[in-house]
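Q: Before I ask anything, let me first share the structure, which is written out below as structure tokens.
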Amino acid sequence: MPGGLESQYIRLEVISGRNIQVPSRRIPAGIHISINVDTQRRWKSAISVLSSDRSVVWGDTVTLSSHMTPTLSVEIWASYEVGRMLGSGEVIWKLQMSWDELLDHGDEPFILSFPPVRGVYPFLTLKSAVVHTCDDQDGTLSDFLVDCEIARDTDAGHAQFAAYMTSKTVSHLSDAVQHFQLVLDQCPVSHPDHATALTNLAYARLQGYIRKDLQDIDTTASFFREALALHGTYLRSVATGTHGVDYVIGGCNDLPIDTSDEGIHLRRVILELCPLGHYCRPIALHTLLQSLFTRFTQCGSIDDLDEGIRLGREAISLLSRGHPDRGSYLNDLAVSLRYRFDHQGKSKDLNEAISLYEEVLRLYPVGHESRDTSLDNLGGALVTRFHKRGDINDITRAISLRREALILRSPGHPHRDTTLSNLALALKTRYNKLHVSEDINEAIDLYRDSLRLKRHSERHKTLYGLSSALCSRFTQTQKNEDIEEAITLCQESLAALSSLHPSRYFSYMWLQEAYLSRYRILHNPADLSLAMENFRLTSRHPTQGFPERIKEAINWARQAEVYQHESDLEAYQMCFELFDSHVMTRSSIISRRKAATAFRGAQSLPVDAASCAIRRHNLRQAVELVEQARGQQWSLASRLRTPLEDLKSASPQLAQKLLVLNKRLSDAQGSTGIADPAGADWAATEYRKLTRQWEAAVAEIRNLQAFSRFMLPPSYEDLQAAARQGPVIILIASQYSCSAIIIPTSGEPHHVPLPSVTLVDLNNLKDRFARAIRHASVMGPKVPRNDLIVLLRAVWDEIMLPVVNVLQHDLKLKFHSRIWLCPTAAFTSIPLHAAHPFQTQADRSKEPCLEDLYICSYTPTLSALVRSRQMMKKRVAPSFVTIGQGQPGAGKGKALLAVDSELELVRKLVPATANRTTVSGGAATRAGALEALEQNSWVHLACHGKQDPKQPYNSHFVMRDQPLTLLDIMEKHIPHAEFAFLSACHTAVGDKKTPDEVIHLAAGLQFSGFKSVIGTLWEVDDAVAKHVVEAFYENLFADLEDGEVMDCTKAAWALNRATHSVKTKVPLEQRMVFIHIGV
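Residue numbers for the sequence shown follow numbering that gives the first Met the number 0, beginning at 0 and rising by one.
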């Protein structure tokens, strides 16, 4: 050192820095300079923010004594703390220099250059001067944090982490994590440095996971999420800064797609940092979608899929038409929609997915790097649509698209294996339709090529795909080696999957197909048992969607019937449970029916199940099964109207909880869908959440004593209550057998075989009745209805006479007792109540018909009759309204000239003790009629009735302004209602597509609260109907004494008497048209 400096001081000004690069690539909270003059003392500048151009400004000054050491050290440090420092941070570079070098520049600012960091030379701008006194130099230098273990470990961690980021040596990462963990262990939640310690550890682990050098995402994400959530931390300040959010998001978006709760929660936190309008919001939405979709494919939660679709829609809405990532975002949304179609069966999802895939393909012309993926995905959606519609053009185009994709994915392409499998699937699908052997052979070759290349994660799909192709070929060639390999491949695919993986469903499915195929050839009972066991596993697999499971359960029931396997009743039971769960998830009444009618072969399941139980000599179960499966729409809707009086006594809190949930679910049941897809998705998700809360509440109630069967399908004992006032006859029309079951007031049910009747016979009889009724409508009133007489005689001889014999001889039922008919399937379109022998006995007297012997009523289901009886306990003072609309207006039907006179006739016949009102003409609007229905307990309605064959819920009564639909009626709850006479056409006719749902206007009124309803089976001639109406009310009120209450339970008897008394005035078909439903 020059002698002249021994007693002098040097004032050093740190002005600025440029080209400052951090070795670890972290964004620092700030940069500071450290000047070290000996091993014990140093000076540290203020922490200044590093600007976007990598420059820093300080303007700090320090006075140093030159006599301490011959040299000094100038160091640049990156700080990761906002305020309080924990250690020094990460060193960017250190430079040793002498005092002479510092003073060589005079009084002018000079540049101090450092060796390069990441290829860039950082430098500082300094200014130095000699001063002769320093009164306060002791205050300018600070002591090192000697023996501070926390600080030393923190700085060591930063050093090791920087080494890891530059060298990629895992041992450096391990050392960094170890040092940072030691610091965190010494800084619990209450420690002022906890946030800093947590952030350092979280960031090091995150980078290690991104580089696949650490595996524990749960711990990593948990740390990172907690650090982001702590306000005042370095990470939070960086993330919310103008230039820092993309750094934090970018780091998180570099994470491998992870399906853990912590990993997904972390992505949610990132999304919170990107409010609407932030440029990083689309990618934050998209990456969360990808994580949720991946978790869905592994766990099968529909909530993940729904949320992902909502996120995808929002992300796309934020991108411009020309955005380079638009195609990728559209594709991922389409994939999610297609999977949701597979899971829930909603056609609109598949249609939207195909539309999006088509748009993506337009964005990826020939030569685009992503065209292969677009071709493959569109091909897959077309294969799916082919399964649904059977249009050969779809499968032909799908094969063409996938062949083009395979050309683009030439040998060596990382995804060639996937396209090989996908093309194989398309070819196998076409083979199953056209049975061209070249297709199946090529498919098998492609599957084998794919297996040789297949990545481990998707190998199971190719295994069961090849298995299915070999199984298909076996059915044609019967080569044993094909079926043996098919079974082995499915077993291998199962071994590769976790117990709840959604894809186990397909492995089970193809394994049962393989066993069943082999059984058909070799007839080994063990193969049949294994096939049925895999049917069971497939239909019970909880992480697969209901539509696929329902299809497999239906197939199980059919195959069990064919091979007379003992699991047949279990299979039927599974069908009904799955149907119930599937339909319950639909938030609108119309969507429920659409869901119920979407499955081929499902229409006959109720009667086939009952027939199966009868053949297995289990009549009680036959009754339970046919009741559980029929009228499902009414059953689901009625759950929300179940009386809770008994529950209120046992647990008022649970009763109130269920009451609130019933109301919320009822309010959420829109009759029409929401047009906006995002809104519809949100509504469906919210409805499903409510449904789960409802199911949890019901499960809680079932834990109460005496409530173990609450809301469960009724037992035979429960259903027998329907026969309290007389036997109920269930008529079962199955492809396997036709018969009747009579449920007596007490005791066991009686089986009545109908050996001369087949389902084909009944369908023919139904069609012949329809033709005969149409023919009779144009005949004169005095012309004999010979066609109808022949048909009614057949109904008597082949159907009702065997039933009557049991009623008379086995049950000893007295003449003129009440009976209830509960027809199923084809029986619902046959006027059973009008069965007549049209025979003369030996004494010249006429042989009695059914209605001579008994008072006949109908009931849609046994539960409907039980429910009506229970509601009879709530009686109110009667009020009677007559509603009529004879002038419906242009385009709504011809004028009904007899309506006004019919209303006046009824009003005169109603006892004066009842509060009587009339709604007609201009007042008979949709709103006016609904109000009248709600306010009165007795109703007579005369107008046009219209059946909608395509959508039975749109069947309606014609009013002056708008139709009064079945949906309108169903949405009303009128517990005080008692009786309704529907003097209109087609009010008690179910739809042809789902006859066992018994969806018609009369049933709707019964559901809304009317216990006793007169309805019609076909068109009513209003000119002659008034004779039946007059005779009906005369009989109903004939013996009513002063002060006596009108009794709706006499309606069936009054109708019986009325139709007998008008034989000379009213043609046969117009007497038969009226039926009684209910109590």
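Think of the CB as a built atom: it goes at the ideal place given N, C-alpha and C, for glycine as much as any other residue.
Start and end of the alpha helix (DSSP H) containing Gly378?
A: Within the sequence shown, the letter at position 379 stands for residue 378. First-last of the alpha helix (DSSP H) with Gly378: Arg370 to Arg388.
Q: Please say whether Leu963 and His955 have beta carbons closer to each other than 7 Å?
A: Taking the first residue of the sequence shown as position 1, residue 955 is located at position 956. Taking the first residue of the sequence shown as position 1, residue 963 is located at position 964. The answer is yes: Cβ separation under 7 Å.
Q: In the structure shown, what three-state DSSP assignment does Ile854 receive?
A: Locating residue 854 in the sequence shown gives position 855, where the first residue counts as 1. Reduced to three states, the DSSP call for Ile854 is strand.
Q: Straight-line CA distance for Asn914 to Leu1000?
A: Counting from one through the sequence shown, the residue named residue 914 turns up at place 915. Counting from one through the sequence shown, the residue named residue 1000 turns up at place 1001. Cα to Cα, the separation comes out at about 25 Å.
Q: Scan the stretch 383-430 and note each continuous alpha helix (DSSP H) run of 4 residues or more that stays entirely inside, going in chain order.
A: Counting whole runs of 4 or more residues, the stretch 383-430 contains the alpha helix (DSSP H) stretches 391-407.
Q: Can you name, in chain order, every residue of its own chain whose Cβ lies under 7 Å from the Cβ of Gln180, other than the five neighbours on each side?
A: Counting from one through the sequence shown, the residue named residue 180 turns up at place 181. Within the same chain, Gln180 has close Cβ partners Leu200.
Q: Spatial neighbours of Thr241 within its chain, please: C-beta separation below 6 Å, excluding the five flanking residues on both sides.
A: Against the sequence shown, residue 241 aligns to sequence position 242. Note that Thr241 scores 47 on pLDDT, short of 50, meaning its location in the model is unreliable; the coordinates nonetheless yield the value given after this. Correct list: empty, nothing qualifies.
Q: Going by C-alpha distance, which of Ala513, Arg792 and Glu699 is nearest Phe837?
A: Within the sequence shown, the letter at position 838 stands for residue 837. Checked all of Ala513, Arg792 and Glu699; the closest Cα to Phe837 is Arg792.
Q: In or out: Phe598 buried (at least 16 other Cβ within 10 Å) or exposed?
A: Position 599 of the sequence shown, counted from the first residue, corresponds to residue 598. Buried, since its Cβ has 16 or more Cβ neighbours within 10 Å.
Q: Note the first and the last residue of the continuous beta strand (DSSP E) segment covering Lys43.
A: Indexing the sequence shown from 1 puts residue 43 at position 44. Run containing Lys43: Arg40 to Lys43, per the beta strand (DSSP E) assignment.
Q: Which residues bound the beta strand (DSSP E) around Val129?
A: In the sequence shown, residue 129 corresponds to position 130, counting from 1. Note, Val129: beta strand (DSSP E), Phe122 to Val130.
Q: From the DSSP output, in three-state form, read off Phe709 for me.
A: Within the sequence shown, the letter at position 710 stands for residue 709. Residue state, collapsed to three classes: coil.
Q: Restricting to runs no shorter than 4 residues, where is the alpha helix (DSSP H) found entirely within the stretch 494-576?
A: Whole alpha helix (DSSP H) segments, 4+ residues: 503-521, 524-539 and 545-561.
Q: Are the beta-carbon atoms of Thr474 and Ser516 separated by less than 7 Å?
A: Taking the first residue of the sequence shown as 1, we reach residue 474 at position 475. Taking the first residue of the sequence shown as 1, we reach residue 516 at position 517. Against a cut-off of 7 Å, the Cβ pair of Ser516 and Thr474 comes out as a contact.
Q: Tell me whether the beta-carbon of Ile728 lies closer than 7 Å to the beta-carbon of Leu820.
A: For the purposes of this step, residue 728 is taken as residue 729 along the sequence shown, with counting starting at 1. For the purposes of this step, residue 820 is taken as residue 821 along the sequence shown, with counting starting at 1. Yes, the Cβ-Cβ distance between Ile728 and Leu820 is below 7 Å.
Q: With three or more beta-carbon pairs closer than 8 Å as the criterion, would you say the stretch 323-334 touches the stretch 275-289?
A: At 8 Å Cβ cutoff, the stretches touch.
Q: Alpha helix (DSSP H) containing Arg874: first to last residue?
A: In the sequence shown, residue 874 corresponds to position 875, counting from 1. Where Arg874 is concerned, there is no enclosing alpha helix (DSSP H), given that its DSSP letter is neither H nor E.
Q: Identify, in the order they occur along the chain, each residue of the same chain with its Cβ nearer than 8 Å to the Cβ of Leu349, setting aside the five sequence neighbours on each side.
A: For the purposes of this step, residue 349 is taken as the residue at position 350 of the sequence shown. Excluding positions up to five away in sequence, the list reads Leu336, Arg337, Phe340, Ala380, Thr383, Arg384 and Lys387.
Q: Among residues of its own chain, excluding the 5 on either side of Leu465, which ones have a beta-carbon nearer than 6 Å to its beta-carbon?
A: The sequence position of residue 465 within the sequence shown is 466, counting from 1. Closer than 6 Å at the Cβ level, and outside the excluded window around Leu465, lie Tyr446 and Leu488.
Q: By how many angstroms is the C-alpha of Gln214 removed from the C-alpha of Asp142?
A: The sequence position of residue 142 within the sequence shown is 143, counting from 1. The sequence position of residue 214 within the sequence shown is 215, counting from 1. With a pLDDT of 43 at Asp142, under the threshold of 50, the modelled position of this residue cannot be trusted; read the value that follows with caution. Computed Cα separation, rounded: 41 Å.
Q: I need the boundaries of the alpha helix (DSSP H) containing Cys821, first residue and last residue.
A: Along the sequence shown, read from residue 1 onward, the residue named residue 821 stands at position 822. Looking at the DSSP string, Cys821 is not in any alpha helix (DSSP H); the run it does join, the beta strand (DSSP E), is Arg817 to Pro822.
Q: In the DSSP output, which residue or residues are listed as bridge partners for Glu644?
A: For this step, residue 644 is matched to residue 645 along the sequence shown. Looking at the DSSP assignment, Glu644 forms no beta bridge with any residue, so it has no partner.
Q: In this structure, how does DSSP classify Leu787 when only helix, strand and coil are distinguished?
A: Taking the sequence shown and counting its residues from 1, one reaches residue 787 at position 788. Helix at Leu787.
Q: Taking 7 Å as the cut-off, decide whether the C-beta atoms of Thr153 and Val176 are in contact.
A: Within the sequence shown, residue 153 is the residue found at index 154, counting from 1. Within the sequence shown, residue 176 is the residue found at index 177, counting from 1. The answer is no: Cβ separation not under 7 Å.
Q: Hey, Ala404 and Thr417: beta-carbon distance below 7 Å or not?
A: Your numbering for residue 404 matches position 405 in the sequence shown. Your numbering for residue 417 matches position 418 in the sequence shown. Contact flag unset, no.
Q: Looking only at its own chain, which residues have a Cβ that is under 7 Å from the Cβ of His564, when we skip the five neighbours before and after it?
A: Walking along the sequence shown from the start, residue 564 turns up at place 565. Closer than 7 Å at Cβ, skipping near neighbours: Leu527 and Met531.
Q: Quickly, what does DSSP pair Glu1110 with across the bridge? List them, please.
A: Only positions 0 to 1078 of the chain appear in the structure, and residue 1110 is not among them; the question remains open.
Q: In the DSSP assignment, find the beta strand (DSSP E) that holds Gly16 and state where it starts and stops.
A: Here residue 16 corresponds to residue number 17 of the sequence shown, with the count starting at 1. First-last of the beta strand (DSSP E) with Gly16: Tyr8 to Arg17.
Q: How many angstroms separate the CA atom of Arg535 from the CA atom of Ser634?
A: Taking the sequence shown and counting its residues from 1, one reaches residue 535 at position 536. Taking the sequence shown and counting its residues from 1, one reaches residue 634 at position 635. C-alpha separation (whole angstroms): 26 Å.
Q: With DSSP collapsed to three states, give me the class of Arg915.
A: The residue you call residue 915 lines up with position 916 of the sequence shown. Looking at Arg915 - three-state DSSP - the assignment turns out to be strand.
Q: If Trp57 sits next to Val13, beta carbons under 8 Å apart, how far is it from one beta carbon to the other, in whole angstroms?
A: Translated into the one-based positions of the sequence shown, residue 57 becomes position 58. Translated into the one-based positions of the sequence shown, residue 13 becomes position 14. Right, the Cβ-Cβ distance comes to about 5 Å (below 8 Å), so this counts as a contact.
Q: Three-state secondary structure (DSSP) at Ser300?
A: Against the sequence shown, residue 300 aligns to sequence position 301. Three-state result, Ser300: coil.
Q: Using only the alpha-carbon positions, how far apart do Cys167 and Gly29 sit?
A: Along the sequence shown, read from residue 1 onward, the residue named residue 167 stands at position 168. Along the sequence shown, read from residue 1 onward, the residue named residue 29 stands at position 30. The amino acid at residue 167 is misidentified as Cys; the sequence shows Lys. So the two alpha carbons sit approximately 25 Å from each other.
Q: Closer than 6 Å by C-beta to Val145: which residues in its own chain qualify, once you throw out the five before and the five after it? Chain order, please.
A: Residue mapping note: residue 145 aligns to position 146 of the sequence shown, counting from 1. Summary for Val145: the model assigns pLDDT 35, below 50, so the residue's position carries little reliability; its value from the coordinates is reported in the next sentence. Closer than 6 Å at the Cβ level, and outside the excluded window around Val145, lies no residue.
Q: By a C-beta neighbour count over all protein chains shown, 10 Å radius and 16 as the cutoff for buried, is Gly600 buried or exposed?
A: Here residue 600 refers to the residue found at position 601 of the sequence shown. Exposed, because fewer than 16 other Cβ atoms sit within 10 Å of the Cβ of Gly600.
Q: Less than 7 Å between the C-beta atoms of Thr461 and Ser449, yes or no?
A: Residue 461 sits at position 462 when you count from the first residue of the sequence shown. Residue 449 sits at position 450 when you count from the first residue of the sequence shown. Yes, they are a contact pair.
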